[in-house]
Ligand code: ATP
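Numbering (full-length UniProt numbering), first residue to last: 219 to 893.
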C-alpha cells in the first residue's frame, strides 16, 4: 500500500483537467524515485503520480505507463530504444551549441550521458522559452526516432533527438544544475537521454509499475464512489492486473479496457488472444533424478524430451473462425485456411525467419481446429537420416527475410503445450487435459511437425532410460512436468517449481550454464592480434539495473568465431564504461575497449569463486567486498534470443555459489581465474 500522502500543494498548477500530462511532472516523479532506494517509497511515488494522471488526464495513462517502464510499445512490435552513444552526443552538441570536445570531456568526467545533457542544457543561454514538453509528445517523438529506417536514418534520428532536447527543460533552461547534489534533479534532458539509451536507472522495475498502476486505478475507481480502498481491495486489483498482464502482455490493450470497463471487469475483457504473444513459462534446474522424485513425491508427472533448438510460440486463426487475429504482424503467414504468426521466447516476431513453418502449418491443423496458440521448440532436422541435428545447425539459418525456396536447414517443430484452442484459453486447465487437446487438434507430419516425446513414469530406472534415450536422440535431457491439478496449469512468465529441467550436463557435475553480457574486450596476443583475444563478461542485477563484472573469458572460441565477434563488437564500441557497469577499479584489470550492452553469451564454468577483481553479487554474499567469479569459463554460443537484461542475475549466481559452497565445505582458498 502506498506509504506517502498526496502533497496538499499541487506542484503543477498549470496542469488542468484534460490538459496533456506535462513531461516535467513525470520527471519530477522520476527524480523523487531516483533519490530513494526504499521499494515502498518508489511504489508510492509511482502510484501517486498515476493517480494524478487518472484524475486529470486519464487519456495519457498509457504513454505515462510506457515511459515509466522505458518502453515505447509492446515487445512483439519490435520497437526498441537503445540508441548508440555517438548519435546522442552529436544531438546534445548540436542542440546546445557546445563543441563535441566539451561533450566528450564532460562525458569522461561525469560518465552519465544523461547528466552531460542536463549540464549542457543548463549552460545554454535562453533566447526564447520553448513550448513545454508533454508526456504524449515525448512518447511520440521517441517512437518516431526508434522507428526511423532506411537511407539517412542516423541523421534523421539525430534530428529527432535534437528536437526533443531543444524543447526540454523549458522551465529550467539556463538554470544551474547541481549534478552532485541531487543527481541532476528532475532535468528533462537527463531523462530523455537515459530513455534513449534504454536505461532509466531509477531502480524502478516493471513489476513495481504494474502494482502501482493497479493501486492507482483501484484508488481512482473507489474515490469516484466516495470510498477509500481497503488493503484487500488493493490486493485484488494487483492480482487481477498481474494475471491479466501475464496472459495478455500489452498495455495498449489492457489500459484502454481498464479505463472503459473498470478493473473488476478486466479479466472478462482482456483474455489471452491469438496475435499477442505471452511470456513463456520457464523451468527450474535440478541436479539429479532423485531430486525430481523428491520434489514431485506422491504426484503424477511426465518426462518429456528437452529439444535443443529455439522456442517458438505459434498463433493461428482460421478464416472461418468467429474471431480475428488480435494484431497480425505485417509478415504474418496467410493461407487459404487462415492467418498465422510465430513469436520467439522474447515475443519477437519470427515470421520472417520461419516462412517455411508458416507455409506448412495449415497442413498440420485438423479441420475442426479454428484457432490456437502452441508452445513449441523448432529444431534443425536431418532430412536424410531423419533425426534431430545439433543446435549449431539451426543457428546457421538466416534471421530475417528468409525465402522458403532458399531454406537449406530444414526445421521440425516439436509442440509441447497448447495455451489456447478454438476461442478458449487453456492455461488454467491441467497439463493432462492440455496434452489431450494437443493430441486431438493436429496431424503430425514426419520431419515437419511432431508432439514432444514423453513417458509418464515415477520409476527412477525408467526415467534414467528416458534420459539416456533423449540424449541419444540429440536432445539436452528431460523436462519433467506435473500432470494434474492446479499446479499443472500453464504459468506464463514464471520460472515454475512445476517444470523441472534435467540436463545431461548437470549429471556430469558441471552445472547449468550462465548467460552473460559482453561489456569489454582485450586485444589478442600472438595469433590473435588482429581480433579481440579475451572479453569481460557481466551478469545483470535487476535491483540496481547494473551490469556486474563476473569473469574474463578467452576459451571456447574458434578463429572463425573470433573474427565474426570482432566484426560484430567493433560496431558497438564506446569511449568509456557506462555508469551502470560495475567492475573493479584497478587499472590493470580494465579492458582495452568497452561495448554497449547488447550481446548475451552462454558460458560454462568449472565452478565459482570469490575474487576482488569482479563485482558480481558482491552485495548478496558477505565476502568482504569481493565479487563472485567464474573459474575456467568457456564460451558455448551466442544467445540471440536473450536481451542483456535477461542475462543470468546476480541473485542466481549468488545462489549457485552458495549451493556449491554448501556441497563442498572442504574447498581450499579461492583462486582467481586468469586467461
Ligand atoms: P533459462 O536459462 O532462462 O531457463 P534457457 O532457454 O537456457 O533459459 P533451458 O535451460 O534451455 O532454458 O530450458 C528451457 C527451454 O527448453 C525452453 O525455453 C524451451 O525452449 C526448451 N524446451 C525444449 N523442449 C521442451 C519441452 N519439452 N518443454 C518445455 N521446454 C522445452
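Built from N, CA and C at the ideal position, the CB exists for glycine as well.
A quick note: this is a predicted structure, and the numbers were derived from the prediction, not measured.
Beta-bridge pairing by DSSP links residue 240 to 352. Taking a contact as a CB-CB distance under 8 Å, the pair residue 629 and residue 598 counts as one, their CB atoms being some 6 Å apart. Not a single heavy atom of the ligand ATP lies less than 7 Å from the C-beta of residue 293.
The ligand ATP has no heavy atom closer than 7 Å to the beta-carbon of residue 877. Bounds of the beta strand (DSSP E) holding residue 521 are 519-524.
Taken in chain order, the complete alpha helix (DSSP H) segments of 4 residues or longer contained in the segment 302-336 are 303-314 and 318-328.
Annotation: the continuous alpha helix (DSSP H) that includes residue 512 extends over 507-513. Under the three-pair Cβ rule at 8 Å, the segment 732-744 counts as touching the segment 813-822. In the DSSP assignment, residue 719 falls within the unbroken beta strand (DSSP E) covering 713-721. Placement of the Cβ of residue 501 at a distance of less than 7 Å from at least one heavy atom of the ligand ATP is found. Short note on residue 697: C-beta closer than 7 Å to some heavy atom of the ligand ATP. Distances taken from the Cβ of residue 719 to the heavy atoms of the ligand ATP include one shorter than 7 Å. Taking 8 Å as the cut-off, the beta carbon of residue 244 is found closer than this to the beta carbon of residue 282. In this structure, DSSP gives residue 559 an extended state, which the three-state scheme calls strand.
Taking 4 residues as the minimum length, the alpha helix (DSSP H) runs contained wholly in the segment 368-410 are 371-385, in order along the chain.
With a cutoff of 7 Å, residue 858 does not count as near the ligand ATP, since its C-beta is closer than that to no heavy atom of the ligand.
Close CB contacts of residue 698 within its chain, under the 6 Å cut and outside five residues either way in sequence, are with 510, 519, 521 and 718 (chain order). By alpha-carbon distance to residue 342, the top candidate from 247, 670, 382 and 315 is 315. Scanning 666, 647 and 667 for the CA closest to the CA of residue 703 turns up 647. Relative to the non-hydrogen atoms of the ligand ATP, the Cβ of residue 605 never comes closer than 7 Å to any of them. In the three-state scheme derived from DSSP, where H, G and I count as helix and E and B as strand, residue 426 is classed as helix. In the three-state reduction of the DSSP assignment, residue 764 falls in the strand class.
The ligand ATP never approaches residue 835 closely enough for any of its heavy atoms to be under 7 Å from the residue's Cβ. In terms of CA proximity to residue 485, 455 leads the group 497, 455, 493 and 775. In this structure residue 661 is exposed. Its beta-carbon is surrounded by fewer than 16 other beta-carbon atoms within 10 angstroms. Below 8 Å, too few C-beta pairs join the segment 365-377 and the segment 444-455 to call them touching: fewer than three. Under the three-state reduction of DSSP, residue 801 is assigned to coil, being neither helix nor strand.
When Cβ pairs closer than 8 Å are counted between the two stretches, the segment 632-642 is seen to touch the segment 661-672, the count reaching three or more. When DSSP assignments are scanned along the segment 733-791, the uninterrupted stretches of alpha helix (DSSP H) that are 4 or more residues long and fall wholly within it turn out to be 777-788. In the three-state DSSP reduction, residue 263 falls in the helix class (H, G or I). Judged by their CB atoms, residue 751 and residue 772 are nearer to each other than the 8 Å cut-off.
Of the candidates 530, 580, 618 and 694, the residue whose Cα lies closest to the Cα of residue 594 is 530. Short note on residue 863: C-beta not closer than 7 Å to any heavy atom of the ligand ATP. Buried is the label assigned to residue 652, since at least 16 other Cβ atoms lie within 10 Å of its Cβ. Burial check for residue 601: the Cβ neighbour count within 10 Å stays below 16, so the residue is exposed.
Its chain contains 280, 291 and 292 as the residues whose beta carbon lies nearer than 8 Å to that of residue 470, once the 5 sequence neighbours on both sides are disregarded; these appear in chain order.
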